[in-house]
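Visitor: The structure follows.
Residue numbers (the working numbering): 702 to 897.
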């Protein structure tokens with residue numbers, strides 16, 4: 702970032718919304734550190750840290766890792782990069798996590814990608830996975846229209862309170878579109894104005 706001003710943002714978007722693609726473009730275009738809650742959790746599990754052992758236990762039991770552990774992990778990581786601009790991906794996932802984050806960090810912007818569910822369902826249905834067994838490409842069993850719609854409904858129900866929270870704080874910005882190529886120019890223009 703040329704201006705030297707620190708910028709801290711969160712990116713949100715449903716599964717299949719193109720959040721990973723847009724995140725990559727943001728990180729590259731604006732030299733932000735990318736913090737993925739999923740990557741952090743996996744790294745802690747792999748390194749068998751105290752947090753990793755706790756998280757692994759919950760995950761093996763098919764349970765969500767409690768807020769206190771995820772929040773501690775994220776806040777610890779953000780503390781280590783205090784002098785950098787960053788983009789946070791995959792956190793917060795609950796209203797409580799949002800509140801804890803807001804009380805500990807200055808959040809400049811929450812970038813919300815709003816892609817119609819029908820577009821996402823179509824996109825995910827056309828996603829094919831190469832199985833290591835060497836069999837022909839096949840779809841994941843959880844990529845059926847019913848399963849995808851259910852995942853999107855769960856995502857919507859979970860994130861609506863988070864979006865409302867950040868909207869009330871005045872930092873939520875929603876970008877609507879059907880493709881990342883349609884959304885990205887608007888995100889880029891917004892960030893160029895916001896960061897300069």
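Glycine residues also receive a C-beta, built at the ideal position from the N, C-alpha and C atoms.
#1: Where does residue 734 sit, in a helix, a strand or coil, going by DSSP?
#2: Out of curiosity, what's the CA-to-CA distance linking residue 885 and residue 753?
#3: Which residue marks the beginning of the beta strand (DSSP E) containing residue 710, and which one marks its end?
#4: Can you find a C-beta in chain D that's less than 8 Å from the C-beta of residue 714?
#5: Since residue 867 and residue 811 are thought to touch, with beta carbons under 8 Å apart, how far apart are those beta carbons, to the nearest angstrom?
#6: For residue 869, report the span of its alpha helix (DSSP H) as first-last.
#7: Going by alpha carbons, who is nearest to residue 891 out of 857, 864, 870 and 809?
#8: What's the call for residue 793, buried or exposed, on a 16-neighbour Cβ count within 10 Å?
#9: Going residue by residue through the segment 760 to 804, where are the continuous beta strand (DSSP E) segments of at least 3 residues, counting only ones entirely within it?
#10: On the DSSP bridge list, what partners appear for residue 875?
#11: Quick check: the Cα distance between residue 860 and residue 802, rounded to an integer number of angstroms?
Guide: Per the coordinate set shown:
#1: strand
#2: 34 Å
#3: 709 to 714
#4: Among the protein chains of the structure shown there is no chain D, as only one such chain exists.
#5: 4 Å
#6: 846 to 869
#7: 809
#8: buried
#9: 787 to 790
#10: 813
#11: 15 Å
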